[in-house]
Amino acid sequence: MVKNQEEIRALLIDAKVIQSGHFKLNSGVHSNTYLEKFNLLQWPDLTEIICKDIYELTKDLQPDLIVGPTTGGAIIAYEVARNYRVRSIIAEKAEKGRTIGRDYLIKPGEKVLVVDDILTSGQSIFETMDAVKNANGTVIGIAIIADRSMQPIHFNVPSISLVKITLENYEENECPLCKDNVPLKVT
Ligand SMILES: [Zn+2]
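Going by the working numbering, the sequence shown opens with residue 1147, and the numbers climb by one from there.
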């Protein structure tokens, strides 16, 4: 049975993927929440559980192929593809955007499910969709583990996420956690 959002959230908190506190993010902003996807993806048994749900929620789409962007998306693509008994392919960073490189072949019109770990701006998903199109594949759906985007992102194909994460970001000089002297963790 597919887990509900709260069960997924509890699993991700337990695995320390979702961390609460006071964090300085790469971008320089402060936040009350930090996501460390590799606290999930380093554990094959946990990744298996999560990817089984992605499979269950997308199986009506009947993809021929699963594609994920490096790095986390590649691991997820592999595990989701195992459920489907289809191939998984990696979309790697290129000079501009992403590319389906190596000796990977996508047959014209092959139906592709694009998967990734965390949705923030959607950039890596859009780049992966373009890479699939450039390789003559047809993207038929998007599946994400955790959606932490600040506003809805439209991919123009069916998309699912297992859990929605709402977080607060603050500029350093306006951060209430700094004002309260909550210890800061630099990520
Ligand atoms: Zn702060």
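C-beta atoms are modelled at their ideal positions from N, C-alpha and C, and glycine is treated no differently.
DSSP beta-bridge partners of residue i
| i | result |
| --- | --- |
| N1315 | S1177 |
| Q1165 | Y1180 |
| I1306 | A1289 |
| V1332 | K1170 |
| T1284 | K1257 |
Buried versus exposed, by CB contacts within 10 Å (16 or more), residue i
| i | result |
| --- | --- |
| I1159 | exposed |
| E1152 | exposed |
| P1209 | buried |
| H1176 | buried |
| D1262 | buried |
| T1193 | buried |
| D1199 | buried |
| K1183 | buried |
| S1307 | buried |
Exercise for the section: Kindly provide the ranges of any beta strand (DSSP E) runs that are 3 or more residues long and lie completely inside the stretch 1198-1223, ordered along the chain. Expected result: Within the stretch 1198-1223, the complete beta strand (DSSP E) runs of at least 3 residues are 1211-1215.
Practice task
Output the residues surrounding ligand 1, defined as those with a CB atom closer than 5 Å to any ligand heavy atom, in chain order.
Solution key: Result: H1176, C1321, L1323 and C1324.
Handout entry: the stretch 1283-1303 contacting the stretch 1316-1325, beta-carbon criterion three pairs below 8 Å
Key = No, the stretch 1283-1303 does not touch the stretch 1316-1325.
Handout entry: Complete beta strand (DSSP E) runs within the stretch 1229-1279 (minimum length 3 residues, chain order)
Key = Taking only runs of at least 3 residues, the beta strand (DSSP E) segments lying wholly in the stretch 1229-1279 are 1233-1239 and 1257-1265.
Exercise for the section: Kindly confirm or deny that the stretch 1234-1248 and the stretch 1272-1279 touch, where touching means at least three C-beta pairs closer than 8 Å. Expected result: Three or more beta-carbon pairs drawn from the stretch 1234-1248 and the stretch 1272-1279 are found closer than 8 Å, and the two stretches are therefore classed as touching.
Practice task
Determine, using beta-carbon pairs with one atom in the stretch 1170-1177 and one in the stretch 1215-1228, whether at least three such pairs fall under 8 Å.
Solution key: No, the stretch 1170-1177 does not touch the stretch 1215-1228.
Problem - Any 3 or more C-beta pairs closer than 8 Å across the stretch 1247-1254 and the stretch 1191-1207 - result: At 8 Å Cβ cutoff, the stretches do not touch.
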